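Residue numbers (my numbering): 1 to 248.
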């Protein structure tokens, strides 16, 4: 136990945290494991809350190419989310998922499709708020020993502290990047405005504007279209790069 807790204390990323939980399993031969963030923002602000798989383990190693990795997933997309949304503080373990009374029809069908026989869900709460979830899925029946269950439960408290700090850090980094992006937008708008105040000829101003915007935002192509006097047609008046000049 001390070796596993020592390994956990040295983790800094989600994949490293998930790896520590794998260490607590005696035989991970038929195991698939996820670390999920709970209650992430959905891709569309109008959508319901989502979850996000931030680390995936399968076939003996971390899977960086899991197609479900690092994208917001509506709670309905993963039927097993019900196991931690309805009772966030409850650990779930079923040796035979098909026989578990807590499992509804959707989850039972989902586990059949994925070939899951044994399932364990370990929610991680901090201050009453669900921060993350460890999901352990076995394709063969796997009876967890008393020692394994004890170690997995024991890991939850220190892991949620690490995960809470990690999520706070990532949130700060996202806010910082957004502030930098907005500052760059304001700076570009100011530079275009200065150019517009000193250049009257549109044939000179528009090419400078598209190149400025393209460079500032590292875009492949920028084009400016102007509506004609009838309001029915548009015409390309400036395009960035050689391709833009050819299209004029």
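Heads up, the beta-carbon is just placed ideally off N, CA and C, and yes, glycines get one too.
Since the structure is predicted, the reported quantities are computational estimates derived from the model, not experimental observations.
For residue j and residue i, believed in contact at Cβ under 8 angstroms, the rounded distance
| i | j | result |
| --- | --- | --- |
| residue 211 | residue 240 | 6 angstroms |
| residue 122 | residue 156 | 6 angstroms |
| residue 144 | residue 93 | 7 angstroms |
With 16 other Cβ atoms within 10 Å as the buried cut-off, status of residue i
| i | result |
| --- | --- |
| residue 14 | buried |
| residue 56 | buried |
| residue 17 | buried |
| residue 187 | exposed |
| residue 142 | buried |
| residue 166 | buried |
| residue 228 | exposed |
| residue 28 | buried |
| residue 233 | exposed |
| residue 8 | buried |
Span separating the alpha-carbon of residue i from that of residue j
| i | j | result |
| --- | --- | --- |
| residue 154 | residue 124 | 11 angstroms |
| residue 22 | residue 88 | 22 angstroms |
| residue 25 | residue 175 | 37 angstroms |
| residue 72 | residue 38 | 10 angstroms |
| residue 35 | residue 214 | 38 angstroms |
| residue 158 | residue 103 | 29 angstroms |
| residue 242 | residue 66 | 39 angstroms |
| residue 200 | residue 182 | 28 angstroms |
| residue 160 | residue 76 | 24 angstroms |
| residue 128 | residue 5 | 23 angstroms |
| residue 91 | residue 224 | 57 angstroms |
| residue 69 | residue 53 | 5 angstroms |
| residue 138 | residue 116 | 6 angstroms |
| residue 134 | residue 74 | 17 angstroms |
| residue 236 | residue 113 | 52 angstroms |
Counterpart residues of residue i in DSSP-defined beta bridges
| i | result |
| --- | --- |
| residue 175 | Partner(s): none; residue 175 has no beta bridge. |
| residue 33 | 57, 136 |
| residue 130 | 125 |
What alpha helix (DSSP H) runs, 4 residues minimum, are completely inside the stretch 41 to 126? 82 to 85, 105 to 114
In chain order, which beta strand (DSSP E) runs of at least 3 residues are fully inside the stretch 207 to 243? Whole beta strand (DSSP E) segments, 3+ residues: 223 to 227, 234 to 239.
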